Amino acid sequence: LIKSLFIVLLLLLPSSSSNANGFTSPYSQPKQRRYKYDNLILSSYGNKNANSMEKLWNMRYQELVEYKDEHGDTLVPAKYPANLQLGRWVLAQRQNRKKNKLTPGRVDRLIEIGFVWD
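With the working numbering applied, the sequence shown covers 220 to 337.
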């Protein structure tokens with residue numbers, strides 16, 4: 220829960236290219252800014268190393284588990300206002316599986332929690 224609140228708070232920080240309300244998601248920014256944002260989150264969890272993408276995947280997976288506990292399913296909207304990154308991550312998992320870019324271990328973990336692929 221604390222992790223989710225931290226992420227939501229980061230999303231609410233104003234940036235130089237904000238929407239009408241003065242807020243924007245780092246994921247509406249170019250790739251370089253998105254990577255900077257993900258690295259900021261990763262560094263808040265400790266050291267960054269070669270496994271940072273694995274850590275990020277596990278963090279999003281845990282957010283999905285929390286979403287399922289709260290909502291009863293894994294059908295996170297692509298533009299889920301409480302956690303835009305989670306919505307995009309869920310969409311990416313579906314796309315990666317279709318392209319055979321998702322490891323069998325990750326597929327199994329998602330199946331275990333009742334992930335909806337279509």
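Glycine included, C-beta positions come from ideal geometry on N, C-alpha and C.
Computed from a prediction, not measured in an experiment: that's the story for all the values here.
Item: Does DSSP put lysine 317 in a helix, a strand or coil?; Value: helix
Item: Does any residue of chain C bring its CB to less than 8 Å from the CB of phenylalanine 334?; Value: In the displayed structure, chain C is absent; only one protein chain is listed.
Item: Determine the direct distance from the alpha carbon of asparagine 270 to that of glycine 291, and round the result to whole angstroms.; Value: 30 Å
Item: Hey, valine 309 and valine 295 are a contact pair by Cβ (cut 8 Å); roughly how many whole angstroms apart?; Value: 4 Å
Item: Please report the straight-line C-alpha distance between lysine 298 and arginine 307, rounded to a whole angstrom.; Value: 7 Å
Item: Closest by CA to glycine 333, which one among Met272, Asn277, Trp276 and Tyr286?; Value: Tyr286
Item: Hey, could you find the ends of the alpha helix (DSSP H) glycine 324 is sitting in?; Value: 323-331
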